[in-house]
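So the protein sequences, as listed, match chains A and B. Quick note: the first sequence uses the numbering used here, first residue 30, plus one each step. Quick note: the second sequence uses the numbering used here, first residue 448, plus one each step. Beneath this line is the structure, given in structure tokens, with notes to follow.
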Amino acid sequence: MSLVQPAAAPEAISPLREAWIVYRRNRPAMFGTLLLAVIVAFVLYGTFLYAGDPYEIVWAPQTPPGTEASVPLGTDYLGRDMLRGLLKGGGPTLSVGAAAAIITLLIGVSLGGIAGYFGGWLDDLLMRVTEFFQVLPALLFAMVVITLFSPSPITTAIAIGVVLWPQTARLTRAEFLKIRELEYVTAARSIGARNGRIMWRVILPNALPPLIVSATLTVGVAVLFQAGLSFLGLDDPNTMSWGLMIGTNRQYVLDAWWPVTLPGVAIFLTVFAVSLVGDGLNDAFNPKLRER
Amino acid sequence: MAGPLLSIRDLKVEFATRNGPVTALDGISLDLMPGETLGVVGESGCGKSITALAAMGLIPDPPGRVAGGSILFDGEDITHADAARLRSLRGTEISMIFQEPMTSLNPVFTAGDQIAEAIMLHQKAGRAEAGRMAVELLRTVGIPEPERRARSYPHELSGGMRQRVMIAMAISCRPRVLIADEPTTALDVTVQAQIFDLMRDIQQEFGVAIMLISHDMGAIAEMADQVSVMYAGRVVETGSADAILDDPLHPYTRALIGCIPVLGKAAGLEGRMPPLAEIPGIVPPLHLLGRGCAFADRCLLAFDRCRAERPVLEGRPHRVACFAAEMEAA
């Protein structure tokens, strides 16, 4: 053993771990995480505790919440249990949102990454394609995609993903353009790494922070989109979702407020929680904001 | 004696700019002998780094392009090699270390992982084995507690340590040529000396030929066997380190040597420090170069011929491209 003890250097902290430490101190973000966890837990496990077919007519139509013990959140215009609908409808809403965000990320990151890394005519071509998708009215385009195929949660997720990817592509392209000029990319090239390796193993990990933030926020947008589409009656009517509940009950909103409001609140809380998480991630990954 | 390991012959590199093509390298020739150190010296913007990138086949294209000449590695012209051949040369035969060790390491991977990646690119080694080899390399480049340091991220290492990691990565596949582009410019003087010591050790141990690029004549004097002085994309003087340092012929070389500060007793003989020499002006913008000698506008010895005609390298083995030096010799 040497006489001079090296100063106790702090254990290696990976950039991700460091971001987590910052994130943990961020109260709104932790609140959002908790809220999201509660919502997901309700959606995942709620149906086991409160089982039942959300389409089944169980009580008098438009029973207000809290007036009848067997239907705690009341019934809709047909007399269907609101709570069953909310628990059952959360699954498709959330999973379509998440799936749409993943599709967005897959298309956006690969096209944006290729455009930003290779540049030149490939970049021009891919960016014109991106702009073409960007100038299409989003909701209208999603509606077209869904009506072309039969409505199902998968079609909805694909439609939303196809509509939302251009933003992610542009963000990825910008990050790749910036990072490919950095010296460690030249260094990777100088030890003989091939393009694919440089793109996905060297540049992408460094471009992840803004992409993670953007993906999180995309989940929120996709949930809203999904709700909008089912409100318009374009989603599969045999799959209960929050948007579908709002859509089918909207004609009777003046007679009964809760069949529309309760799923609306559920959507609001979900998107709110996801946004808080996204903002928290943004703060955690953005070194300029860390010092505050 | 064997021929040069890396031989750059009359290399021209052009960059497309808004003002039309600009010649960044205008017919330079350099020879790097096996196991020797070639110092390439010059001010900022004279084409040193472009030379290094060209030797790696890493000129950004577009806007850059090799417009003429050849780069022979062990007799093979790499300016015409395809991408796959270049990749297999990089790292295994020719490696490079960079000026800024903060930015030349990937911030999101540990030092050990990055070295292991470099090993796995060219050698048949599993992750665990590559990891062990990485630790060994860190020990070779003089990093204390290599097992622990291998798990450190670049931002947790000092500048000198980062440069050692960079060197470890560059020598991981035993290249025969190591190109060092201003390897110590971003470091403290004391650390600079340590890195030079390390490079000398590595040269002795692995027999690697080093092309040391620097603007610092002092660094070149300490390290190089051969020296080439570059100015505005041309080689203006080349010869053995002793010849160039003791008997510089080109006014630019003399001026560069005059810029080395003199310290200690030698400086204080007359009771006060001599003023530090400087070279007036800057390297001219490359698209404004005239027909004559590129250095003419800043040269104290320049005469009419210097502005009208371009001098070529003359003499052997100590070669210089200067009309004034030629007249002096005559």
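Every residue gets a Cβ at the ideal spot worked out from N, C-alpha and C, and that includes glycine. Since this is a predicted model, take the numbers as computed values, not measurements.
Within the continuous alpha helix (DSSP H) that includes A/Val214, where are the two ends? As a working note, residue 214 of chain A is residue 185 in the first sequence. Element bounds for A/Val214: 212-219.
Three-state class that DSSP yields for B/Val555 in the structure shown: As a working mapping, residue 555 of chain B is identified with position 108 in the second sequence. B/Val555 falls in the coil class under three-state DSSP.
Residues near A/Val306 in its chain [Cβ-Cβ closer than 8 Å; skip 5 each side]: Working through the first sequence from its first residue, we reach residue 306 of chain A at position 277. Once the five neighbours on either side are set aside, the close Cβ partners of A/Val306 are Ala58, Gly61, Thr62, Leu65, Thr245.
Beta-carbon neighbours of B/Arg537, restricted to chain A and to distances below 8 Å: Position 90 of the second sequence holds residue 537 of chain B. Here the neighbours are Arg218, Ser219, Ile220, Gly221.
Reference B/Leu733, options B/Gly467, B/Pro601, B/Ile626, closest by Cα: The sequence position of residue 733 of chain B within the second sequence is 286, counting from 1. Minimum Cα distance to B/Leu733 is reached at B/Gly467.
Distance, A/Asp82 Cα to A/Thr92 Cα: As a first step, residue 92 of chain A is located in the first sequence; it is residue number 63 there, counting from the start. As a first step, residue 82 of chain A is located in the first sequence; it is residue number 53 there, counting from the start. Looking at the two C-alpha atoms, the distance is approximately 18 Å.
Short CB-CB distance (under 8 Å) between A/Leu318 and chain B: Stepping through the first sequence from its first residue, residue 318 of chain A is reached at position 289. Unreliable placement is indicated for A/Leu318, whose pLDDT of 48 sits below 50; the coordinate value is still reported in the next sentence. For A/Leu318, the closest Cβ of chain B is not nearer than 8 Å.
Please list the terminal residues of the continuous beta strand (DSSP E) segment that includes B/Gly511. Walking along the second sequence from the start, residue 511 of chain B turns up at place 64. Counted as a single uninterrupted DSSP element, the beta strand (DSSP E) harbouring B/Gly511 occupies residues 511-520.
Any Cβ of chain B within less than 8 Å of the Cβ of A/Asn235? On the first sequence, position 206 is the one that residue 235 of chain A refers to. Yes, A/Asn235 lies at the interface with chain B (some Cβ there is under 8 Å from its Cβ).
Can you find a CB in chain A that lies within less than 8 Å of the CB of B/Asn553? For the purposes of this step, residue 553 of chain B is taken as residue 106 along the second sequence, with counting starting at 1. Chain A contact via Cβ: present.
So, for B/Met613: in the same chain, excluding its five sequence neighbours on each side, which residues have a beta-carbon less than 7 Å away from its beta-carbon? Locating residue 613 of chain B in the second sequence gives position 166, counting from the first residue. Ile544, Phe545, Pro548, Ser551, Leu552.
Does the beta carbon of B/Thr550 sit closer than 8 Å to a beta carbon anywhere in chain A? For the purposes of this step, residue 550 of chain B is taken as the residue at position 103 of the second sequence. Answer yes: the Cβ-Cβ gap between B/Thr550 and chain A drops below 8 Å somewhere.
Just grab the DSSP bridge partners of B/Glu461 for me. Along the second sequence, read from residue 1 onward, the residue named residue 461 of chain B stands at position 14. DSSP lists B/Thr470, B/Arg512 as partners of B/Glu461.
Nearest chain A C-beta to B/Tyr600 closer than 8 Å, yes or no? In the second sequence, residue 600 of chain B corresponds to position 153, counting from 1. Taking Cβ atoms only, chain A reaches closer than 8 Å to B/Tyr600, which makes this a yes.
Have a look at A/Thr268 and B/Gly538 and give me their C-alpha separation to the nearest angstrom. Stepping through the first sequence from its first residue, residue 268 of chain A is reached at position 239. Stepping through the second sequence from its first residue, residue 538 of chain B is reached at position 91. Spanning the two alpha carbons is a distance of roughly 57 Å.
Quick check on A/Ser17: does DSSP put it in helix, strand or coil? Shown here, chain A extends from 30 to 321; a query on residue 17 of chain A therefore has no answer.
I need the boundaries of the alpha helix (DSSP H) containing A/Ala299, first residue and last residue. Numbered from its first residue, the first sequence carries residue 299 of chain A at position 270. Per the sequence presented here, residue 299 of chain A reads as Thr, with Ala not at that position. 287-314 is the span of the alpha helix (DSSP H), which, as asked, contains A/Thr299.
Are the CB atoms of B/Ile707 and B/Thr700 nearer to each other than 8 Å? The residue given as residue 707 of chain B occupies position 260 in the second sequence. The residue given as residue 700 of chain B occupies position 253 in the second sequence. At the C-beta level, B/Ile707 and B/Thr700 stay beyond 8 Å of one another.
Beta carbons nearer than 7 Å to chain A: which residues of the region 485-506 of chain B have them? Listed in sequence order: Met503, Leu505.
Cβ-Cβ separation, A/Leu291 to A/Leu73 (assumed contact under 8 Å), whole Å: Within the first sequence, residue 73 of chain A is the residue found at index 44, counting from 1. Within the first sequence, residue 291 of chain A is the residue found at index 262, counting from 1. So it is not a contact: roughly 19 Å between Cβ atoms.
What is the rounded straight-line gap between the Cα of B/Lys495 and the Cα of A/Ile187? Position 48 of the second sequence, counting from 1, holds the residue named residue 495 of chain B. Position 158 of the first sequence, counting from 1, holds the residue named residue 187 of chain A. Answer to the nearest angstrom: the Cα atoms are 52 Å apart.
Looking at chain A, is there any beta carbon in it that lies within less than 8 Å of the beta carbon of B/Phe414? An answer regarding residue 414 of chain B cannot be provided, because it is not within the stretch 448 to 777 covered by chain B.
Same chain, Cβ closer than 6 Å to B/Met646, five either side skipped, listed in chain order: Residue mapping note: residue 646 of chain B aligns to position 199 of the second sequence, counting from 1. Cβ contact annotation for B/Met646 (same chain, cutoff 6 Å, sequence separation greater than five): none.
Out of B/Ala668, B/Ala463, B/Glu652, state which residue places its alpha-carbon closest to the alpha-carbon of B/Leu659. To locate residue 659 of chain B, count along the second sequence from 1; it is residue 212. Nearest of B/Ala668, B/Ala463, B/Glu652 to B/Leu659, Cα basis: B/Ala668.
Bridge partners of B/Ser454, per DSSP? What you label residue 454 of chain B is simply residue 7 of the second sequence in a count that begins at 1. Beta bridge pairing from DSSP links B/Ser454 with B/Asp478, B/Leu519.
Mark B/His697 as exposed unless 16 or more other C-beta atoms lie within 10 angstroms of its C-beta, in which case mark it buried. Locating residue 697 of chain B in the second sequence gives position 250, where the first residue counts as 1. Its Cβ being crowded by 16 or more others within 10 Å, B/His697 is buried.
Limits of the beta strand (DSSP E) - the one that B/Val682 falls within: By 1-based counting over the second sequence, the position of residue 682 of chain B is 235. For B/Val682, the enclosing beta strand (DSSP E) has its first and last residue at 681-687.
Just the Cα atoms here: how many angstroms apart are A/Ala37 and B/Met616? Locating residue 37 of chain A in the first sequence gives position 8, where the first residue counts as 1. Locating residue 616 of chain B in the second sequence gives position 169, where the first residue counts as 1. In this prediction, A/Ala37 scores a pLDDT of 45, lower than 50, which makes its location untrustworthy; the coordinate-derived value is nonetheless stated afterwards. Taking C-alpha positions only, A/Ala37 is separated from B/Met616 by approximately 26 Å.
Assess contact between the region 460-479 of chain B and the region 511-531 of chain B, defined as three or more Cβ pairs (one per stretch) separated by less than 8 Å. Is contact present? The answer is yes - the region 511-531 of chain B touches the region 460-479 of chain B, with three or more Cβ pairs under 8 Å.
Can you tell me where the alpha helix (DSSP H) holding B/Ala627 begins and where it ends? Mapped onto the second sequence, residue 627 of chain B falls at position 180. Where B/Ala627 is concerned, there is no enclosing alpha helix (DSSP H), although the beta strand (DSSP E) it sits in stretches over 624-628.
For chain A, find out if any of its Cβ atoms is closer than 8 Å to the Cβ of B/Arg534; answer yes or no. Here the question's residue 534 of chain B lines up with position 87 in the second sequence. For B/Arg534, the nearest CB of chain A lies under 8 Å from its own CB, placing it at the interface with that chain.
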